[in-house]
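The sequence shown lines up with residues -20 to -1, 1 to 518 when you count with mature numbering (1 follows the signal peptide of the UniProt record, and there is no 0). Structure, as structure tokens:
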Amino acid sequence: MKRIGFISLLILLVASACLSGCTSGAGQGTADDKTLQLILSGEPTSLDPADAFDSDTLDVTHNLFEGLMRLDKTHKPQPAVAEKAELSADGLSYTFKLKKTYWSNGDPLTAHDFEYAWKRALNPKRAYQTAFLFYFIEGAEEYNTGKGTEDQVAVKAVDDTTLEVKLKQPTPSFLELVSYPAFSPVNRKVDAQNANWHAEAKTYVSNGAFKLTEWKHDAELKAEKNEKYHNQDKVKLATLHYSIINDNKTAYTMFKTGKLDVVSKSQVPADLVPSLIESGKLKPSDGNGLAFFRFNVEKEPFTNQKVRKAFALAIDRKTIAEQIIAGGEQPAYGYVHPSAPNDFRQIGGNMIQDNQTAEAKRLLAEGMKEEGWDKLPEVTLLYSNSNEKNKKVAEAVQEMIRKGLGVNIRLQAKERKVFFADERSQNYKMSLASFLADYNDVYNYLESFQTGHSMNRTNWSNAKYDELLKEAANTADIKERDRLLHEAEKILIEEAPLTPLYFYTNAVVEQRGITGILRHPVGPSDYTQADKVNEGND
């Protein structure tokens, strides 16, 4: 650990003391104040539910929309817009009966809106990055990849209140999957009249517990209780207010003065995280996903597998997790998170080791010789400047690679939207990336690296890997399915189009009087049952 200077130590002590006793009148409101003050680390990339993919955007869209199912406090899917869901004996067909519900503009919501929305998400001309989530549906992948038609997608509104869905193979996690924002309905009439309805508050139409009423781009969003929501009498909050802030010190100051009600671990100054955990104010809990490095295998020097593996072996994940991040994260020696089902990580064990400097140097030399390089092509590490954690990790790894391999990496920080755009277009050599599971299934971790997959932003392709994932997707036996996925993960780590860094944990600090927020190991937070009672600042 670096020695903390006197001034930094003084700031730490004062801030920690404030956690125990400081209060402020600013932003506290009254007992009748039912506005939940929240934070986003950047402008939402899109509030189109079919295009929501980063954690901030998902947090907003999940509370503006409601799908057929919604996760309960035990993280199990329960009927939401659906009245009930019936599964056929062969496990291939779902019939959803819908409740009588309405859009925020008063239009009736029907099964046709779901059929329209799901096929819209698969439309290849729209190029939605969530399209792959629908591939369990018969005809979905074919339509999305230009090998089939929209009519062949097995989603059909039989009438206004009945939706039928046919799957390619039995999919035990399907009901959990349809609780994800991408599976939300879309108002057909509104979308036909204005394709950009989701870009501004005044044209925004949704069906969830809250409706978007104000959106000052790059500054704030406001969502008020939706009086058309079918369960609106159980919604206790009046407003969700999101402040867009990408500076941790500013965010934490706002929390201390009562201007924010909830901040996550990633939005707290890194120097304060250990003391907040020790005091019990910040409580790590099960999470999902991980931070990792992507290597673009079509850009030198990462065209060579040995060079990629050398970089992977030169990293000290334990130091990054325990000293750089220091927020309860675990070093990642595999790609699949320990919280994944069937003890997958525990059975798979560690697949890579830290600080294998001698082996890393040997592989680097061999790789350079194979390519005929006397000097390694320049390496640039791309990362998002949305929080200070990314910068700290990038700088730490820059130093590890310099010491371990004698390679100087150039760091390139970009605003979040630009960062995501560069990753999607493969405009990078090495990037500090993030994965959050969409549904609680090992397959979800590994599916993105199949050849041609919309989320495979490494350009890597491996026929054996593709075969294993395809076979796993069509295997009902859990043990055999996991065996196939273990084999696939081994290929992924050995071929190294990526290397894992650390597994995420969830942790937030809240003001007193905040209750009822549903947080899930997999999926965004749910505020439909949340409440706020004024008890002063924490």
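Idealized CB from N, CA, C, for every residue including glycine.
- Message: Can you give me the C-alpha to C-alpha distance between G328 and Q310, rounded to a whole angstrom?
- Response: 16 angstroms
- Query: Are the beta-carbon atoms of A417 and Y425 separated by less than 8 angstroms?
  - Reply: yes
- Message: Pull the bridge partners of W195 from the DSSP assignment, please.
- Response: L201
- Item | Three-state secondary structure (DSSP) of residue 529 | With the chain running from -20 to 518 in the structure shown, residue 529 is simply not present.
- Residues bridged to T54 [DSSP beta-bridge criterion]: DSSP output for T54 lists no bridge partner at all.
- Task: Give the secondary structure of F45 by DSSP, where H, G and I count as helix, E and B as strand, and everything else as coil.
- Result: The answer is coil: DSSP assigns F45 none of H, G, I, E or B.
- Task: Could you give the DSSP three-state label for residue 529: helix, strand or coil?
- Result: Any answer about residue 529 is impossible in this case: the structure gives the chain only from -20 up to 518.
- Task: Tell me T360's beta-bridge partners as DSSP assigns them.
- Result: R390
- Message: Let's test the definition: count the other Cβ atoms within 10 Å of the Cβ of G267 and tell me whether it reaches 16, buried, or not, exposed.
- Response: It counts as buried.
- Query: When the Cβ atoms of the stretch 114 to 131 are set against those of the stretch 26 to 35, are three or more pairs found closer than 8 angstroms?
  - Reply: no
- Query: With a cut-off of 8 angstroms, do at least 3 Cβ pairs link the stretch 176 to 189 to the stretch 66 to 73?
  - Reply: no
- Query: Leaving out five residues before and five after I(-14) in sequence, what residues of the same chain have Cβ atoms less than 6 angstroms from its Cβ?
  - Reply: Note on I(-14): pLDDT 34, under 50, position unreliable in the model; no value is reported.
- Applying the criterion that 16 or more other CB atoms from any shown protein chain within 10 Å of the CB defines a buried residue, is S405 buried or exposed? exposed
- Item | 8 angstroms Cβ cutoff met for residue 532 and I497 | Any property of residue 532 remains undetermined from this structure, which presents the chain solely from -20 to 518.
- N- and C-terminal bounds of the beta strand (DSSP E) containing F483: L478 to F483
- For Q17, write down the residues that DSSP places opposite it in a beta bridge. H221
- Nearest-angstrom Cα separation, counted from K236 out to T3: Reliability fails at T3, whose pLDDT of 35 lies under 50, so the model's placement of it is uncertain and no value is given.
- Message: Once the 5 residues before and after I304 are set aside, which same chain residues still bring their CB inside 7 angstroms of it?
- Response: K372, V373 and A376
- Item | V215 (DSSP reduced to helix, strand or coil) | coil
- Query: Under the DSSP definition of a beta bridge, which residues are partnered with L147?
  - Reply: I117
- With DSSP as the reference, label Y209 as helix, strand or coil. Y209: coil per DSSP, three-state reduction.
- Integer-rounded CB distance, given that K14 should sit under 8 angstroms from T219: 7 angstroms
- Inter-residue spacing [alpha-carbon to alpha-carbon] between T10 and I257: Only weak support exists for where T10 lies, its pLDDT of 42 falling under 50; the value from the coordinates is given anyway. If I take the Cα positions, the gap works out to 29 angstroms.
- Message: Just to confirm before moving on: does the CB-CB distance between V166 and V489 stay below 8 angstroms?
- Response: no
- Tell me, please, which residues DSSP counts as bridged to F273. Beta-bridge pairing links F273 to L412 and T479.
- Within its chain, find whatever has a CB closer than 6 angstroms to the CB of P281; leave out the 5 residues flanking it on each side and keep chain order. V287, L356 and P357
- By DSSP, does N322 sit in helix, in strand, or in coil? helix
- Which residues in the same chain as A476 place their Cβ atom closer than 6 angstroms to its Cβ, once the five residues preceding and following it in sequence are excluded? R288, K289 and A292
- Span separating the alpha-carbon of Q491 from that of M348: 55 angstroms
- For T90, does the count of other Cβ atoms within 10 angstroms reach 16, so buried, or fall short, so exposed? buried
- Query: What's the gap between the Cα of S366 and the Cα of K229?
  - Reply: 13 angstroms
- Task: Going by CA-CA distance only, name the one from F429, F400 and Y222 that's closest to H197.
- Result: Y222
- Reduced DSSP secondary structure (H/G/I, E/B, other) of A250: helix
- Message: Given this structure, state the Cα-to-Cα distance separating N226 from E339, to the nearest angstrom.
- Response: 39 angstroms
- Query: Where S265 and W98 are concerned, what is the direct C-alpha to C-alpha distance, given to the nearest angstrom?
  - Reply: 33 angstroms
- Item | K444 versus E474, A510, I458 and E403, residue with shortest Cα-Cα distance | E474
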